[in-house]
Amino acid sequence: MITKKLLLYFPECETEKPIVYKLVKDFNLMINIFRAKVTPDEEGYLVLDIGGDEEDIEKGLAYVRTFKVEINETNKGVRWDQDRCTACGNCLPHCPTGALHVPDRGNMKVVFEATRCIECLSCLRNCPFGACSSLF
Amino acid sequence: MKTYSEINEKIASGKAIVLTAEEIIDYVDRKGLKAAADEVDVVTTATFGPMCSSGCFLNFGHSNPKMRISEAWLDDVLAYSGIAAVDVYMGATQLRHNDPANMYYPGEFRFGGGHVIEKLVAGKKVQLFGLSYGTDEYPLREVRTWFDINDLNQAVMVNPRNCYQNYNLAVNCSDKPIYTYLGYLRPNMRNLTYCSAGQLSPLLNDPFYMTIGIGTRVWLAGAQGHVYAEGTQHAPSTERNEFGVPTGGAGTLALTGDMKQMDANFVRGVSLKGYGVSLALGVGIPIPILNETILRHTTVRDRDIQAPIVDYAKDYAQATGTVLGYLSYEELKSGEVVIQDKKVKTGSLSSYSKALEIAEILKSEIREGHFLVSEPITPLPKVQEMKPLLVRENDA
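For the protein sequence lines, the chains are W and C, in the order given.
By numbering that gives the first Met the number 0, the letter at position 79 of the first sequence is numbered 78, and the numbering carries on one by one without gaps.
By numbering that gives the first Met the number 0, the letter at position 179 of the second sequence is numbered 178, and the numbering carries on one by one without gaps.
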């Protein structure tokens with residue numbers, strides 16, 4: 000059993016299909032949706048964890064690829080701009096999973112670990128320097 | 000014992016021994032105070048954080064025909080123009096025209112004076128829109144143009160209050176979230192914000208202002224600026240602990256420097272949701288080690304520095320003066336503290352990491368002979384309290 004965090008981009012034409020339902024029912028996958036913005040007649044975004052056997056995940060993703068849905072495994076919906084970040088640390092108490100954290104309390108540098116991010120967007124609201132942004 | 004000129008001779012010849020305020024702690028532990036005081040010439044201190052009482056004077060030069068600008072906006076942010084014809088003052092906390100502020104609470108405050116100043120230092124083009132009533136010798140009534148910092152005759156940062164010696168720790172004891180200049184504070188004390196570089200902070204390393212005074216050369220966001228006055232609200236008569244660390248804000252500095260020499264990494268616009276805009280600045284101040292006492296003060300460490308916990312929902316807003324307790328910067332920097340048996344997560348608006356970077360830059364500049372220390376022209380007041388505003392019924 001493995002888990003993958005993915006960002007799916009739905010072009011306008013694919014927003015009406017029950018893709019997530021199929022992933023659960025036909026491919027035996029566990030879906031945990033972090034954040035979604037899928038509006039009929041508009042493009043949509045979906046950030047989710049897909050869990051299951053590696054083989055099932057591959058099959059499920061192959062199914063998703065038969066549509067025009069783009070699967071992005073690296074760039075998630077929340078971006079952290081290291082150059083904008085001043086490492087003030089105002090985000091730290093508001094990040095529920097510790098995706099934004101300080102590995103070394105000696106130099107107090109802030110890092111962003113995208114795999115731990117659940118896209119609650121609290122960093123967007125709390126960063127005084129606009130270092131965090133959302134794709135959607 | 001050393002003098003300013005002896006230290007400057009060593010700096011000029013590239014032989015000065017310079018350490019940061021962090022490095023000096025272990026150094027003195029190892030070598031002992033006396034030996035270290037003989038060896039070390041300068042200790043560099045630094046801080047980086049929002050400093051609202053900041054801004055800059057700009058001189059545009061004259062248009063043809065000439066104009067006596069009486070109202071001015073830079074990227075739609077109002078600049079003060081109640082001075083000479085083509086001089087303005089851009090303040091850090093000025094909001095952009097038409098910003099709804101907190102009308103739709105909490106407001107976003109995306110752009111303001113601090114962001115204009117950041118753009119200028121970064122060399123970006125800024126729009127000037129100016130209006131005038133017109134006079135015989137200044138006939139032009141309206142101007143709209145784009146300029147960058149190199150087009151200006153002068154761009155001088157003049158900050159009435161920077162480098163607060165110590166600062167409140169903000170919590171929210173109410174049952175509703177609040178938005179403050181120390182960030183978003185969740186109800187029932189679920190988080191705390193501090194704002195000081197602690198053991199690196201300039202005035203905590205010279206708590207009685209023995210070397211930092213009016214005329215002291217400082218590193219202001221990369222430029223060589225100086226202290227031009229005591230900062231507003233300078234209140235050194237605050238209670239102090241055995242290390243001279245004040246239990247509250249205490250001393251402040253008024254700083255000035257040439258913006259054309261600044262580095263945009265250390266001049267950053269700030270947006271605080273529900274509160275407003277500001278400017279975050281990097282400041283470095285060298286402390287010449289004239290004697291053992293001055294050196295001993297620079298060995299102050301995070302665990303020796305306590306700051307007061309203040310409830311920003313009630314006690315700050317209502318100026319009750321109530322302090323809920325004290326915490327050290329060692330505890331604060333760990334990420335979690337305990338207040339009244341409750342675990343509270345800490346965040347900061349002051350970047351220790353950037354302060355370290357500045358202390359290292361200043362150290363290199365001094366070692367390479369590019370940055371000399373200066374003796375104050377006038378010391379800062381050592382006894383002074385902060386007065387509240389009396390709201391009177393009439394002028395009697």
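For every residue, glycine included, the Cβ atom is placed at its ideal position computed from N, Cα and C.
On a predicted model such as this, the values are computed, not experimentally measured, just so you know.
Under the three-state reduction of DSSP, which class applies to residue i: helix, strand or coil?
| i | result |
| --- | --- |
| F26 (chain W) | helix |
| E70 (chain C) | strand |
| Y44 (chain W) | strand |
| G273 (chain C) | coil |
| H233 (chain C) | coil |
| H225 (chain C) | strand |
| G59 (chain W) | helix |
| I117 (chain W) | coil |
| P159 (chain C) | strand |
| S173 (chain C) | coil |
| V42 (chain C) | strand |
| E15 (chain C) | Rather than Glu, the amino acid found at residue 15 (chain C) in this sequence is Ala. A15 (chain C) falls in the coil class under three-state DSSP. |
| Q317 (chain C) | coil |
| K118 (chain C) | helix |
| G243 (chain C) | coil |
| H296 (chain C) | helix |
| K341 (chain C) | strand |
| S200 (chain C) | coil |
Within the 9 Å Cβ cut-off, does residue i reach chain C?
| i | result |
| --- | --- |
| M29 (chain W) | no |
| C90 (chain W) | yes |
| L124 (chain W) | A quick correction: the sequence has Arg, not Leu, at residue 124 (chain W). Yes, contact with chain C. |
| C131 (chain W) | no |
| F128 (chain W) | yes |
| T96 (chain W) | no |
| R104 (chain W) | yes |
| K3 (chain W) | no |
| C87 (chain W) | yes |
| V175 (chain W) | As displayed, chain W neither begins before 0 nor continues past 135, which places residue 175 (chain W) out of reach and without an answer. |
| M107 (chain W) | yes |
| V19 (chain W) | no |
Measure the Cβ-Cβ separation of residue i and residue j and say whether it is below 9 Å.
| i | j | result |
| --- | --- | --- |
| A15 (chain C) | A358 (chain C) | no |
| L278 (chain C) | C162 (chain C) | no |
| G350 (chain C) | G88 (chain W) | This sequence places Ser at residue 350 (chain C); Gly is not what is there. Taking 9 Å as the Cβ cut-off, S350 (chain C) and G88 (chain W) qualify as a contacting pair. |
| S69 (chain C) | S80 (chain C) | yes |
| Y88 (chain C) | V142 (chain C) | no |
| L151 (chain C) | N58 (chain C) | yes |
| L428 (chain C) | F47 (chain C) | No answer is possible for residue 428 (chain C): the residues shown for chain C start at 0 and end at 395. |
| E53 (chain W) | I18 (chain W) | no |
| L6 (chain W) | V46 (chain W) | yes |
| A91 (chain C) | G112 (chain C) | yes |
| S195 (chain C) | N165 (chain C) | yes |
| T298 (chain C) | V115 (chain C) | no |
| T345 (chain C) | T192 (chain C) | yes |
| E400 (chain C) | V343 (chain C) | Here chain C has residues from 0 to 395 only, and residue 400 (chain C) is not among them. |
| G136 (chain W) | L134 (chain W) | With chain W covering 0 to 135 only, the question about residue 136 (chain W) has no answer from this structure. |
Closer than 9 Å, CB to CB, is residue i near chain B or not?
| i | result |
| --- | --- |
| L203 (chain C) | The chain inventory of the structure shown lacks chain B, comprising the protein chains W and C. |
Could you confirm whether any beta carbon from chain W is found closer than 9 Å to the beta carbon of residue i?
| i | result |
| --- | --- |
| K272 (chain C) | yes |
| F370 (chain C) | no |
| R444 (chain C) | Because chain C is modelled from 0 through 395, residue 444 (chain C) falls outside the range shown and cannot be assessed. |
| K344 (chain C) | yes |
| R109 (chain C) | yes |
| G268 (chain C) | yes |
| S363 (chain C) | no |
| K332 (chain C) | yes |
| R189 (chain C) | yes |
| L315 (chain C) | As written in the sequence, residue 315 (chain C) is Tyr, which differs from the Leu given in the question. False, the Cβ-Cβ gap to chain W never drops below 9 Å. |
In or out: residue i buried (at least 16 other Cβ within 10 Å) or exposed?
| i | result |
| --- | --- |
| A427 (chain C) | In the structure displayed, chain C extends from 0 to 395; residue 427 (chain C) sits before or after that span and is not available. |
| D174 (chain C) | exposed |
| N190 (chain C) | buried |
| R391 (chain C) | exposed |
| I308 (chain C) | buried |
| M66 (chain C) | buried |
| K33 (chain C) | exposed |
| A169 (chain C) | buried |
| Q305 (chain C) | buried |
| A86 (chain W) | buried |
| D103 (chain W) | exposed |
| W72 (chain C) | buried |
| W218 (chain C) | buried |
Is residue i near the ligand PLP, judged by its Cβ being under 8 Å from some heavy atom?
| i | result |
| --- | --- |
| T231 (chain C) | Among the components modelled here there is no ligand, and therefore nothing to report on the ligand PLP. |
- Item | Three or more C-beta pairs below 8 Å linking the segment 115–127 of chain W and the segment 370–380 of chain C | Segments in contact, no.
- Task: Pair every Cβ in the segment 175–189 of chain C with every Cβ in the segment 264–276 of chain C, then say whether three or more of these pairs are closer than 8 Å.
- Result: Output reads yes: the segment 264–276 of chain C touches the segment 175–189 of chain C.
- Query: Is it a yes or a no for the segment 285–293 of chain C touching the segment 196–211 of chain C, going by three-plus beta-carbon pairs under 8 Å?
  - Reply: Yes, the segment 285–293 of chain C is in contact with the segment 196–211 of chain C.
- Message: Between the segment 33–43 of chain C and the segment 117–130 of chain C, can you find at least three pairs of beta-carbon atoms closer than 8 Å?
- Response: Segments in contact, no.
- Message: I want to know whether the segment 375–388 of chain C touches the segment 224–243 of chain C - three or more CB-CB distances under 8 Å.
- Response: When Cβ pairs closer than 8 Å are counted between the two stretches, the segment 375–388 of chain C is seen to touch the segment 224–243 of chain C, the count reaching three or more.
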